[in-house]
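Everything on this sheet refers to the single structure shown next.
In the UniProt record's numbering, the protein residues as written are 1 to 138.
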């Protein structure tokens, strides 16, 4: 198994977190932005990706109110780019990680089901709900 970690090292990221894997033979770090089709395509071509595990996102709810376009660019457009390039490369395994925030406020410790309706309450959760819709559309 070989892993390609693709990260733009934006807020919340720290290059030092990758130091423990710097010499691993089965992990490579690629600095890039998931919303850049050129960067994603280049990483997939270079490293022969056959499965995508999509965890990339802008995640700070409070910041999402100040920067909703940035959140949409990363969370929605980044997902769209990953899906498109994955389809172009014939990748059949695409794991998308989302958030329970897409279902709205959790009152009383309720366990959400994937079939529950989306009720996002902030730009972050709205962008993640939109990304989920894209994934379902593919």
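For each residue, glycine too, the CB sits at the ideal point set by N, CA and C.
Note that the structure is predicted; figures quoted are calculated from it, not measured.
Straight-line measurement puts the Cα of residue 22 at about 20 Å from the Cα of residue 48. Taking the C-beta atoms as reference points, residue 33 is found no nearer than 8 Å to residue 14.
Judged by DSSP in its simplified three-state form, residue 47 adopts helix. As computed with DSSP, residue 27 is found in a beta bridge with 3. By the neighbour-count criterion, in which 16 or more other beta carbons inside 10 Å mark a residue as buried, residue 75 falls on the buried side. Using a Cβ distance threshold of 8 Å, residue 119 and residue 83 do not count as a contacting pair.
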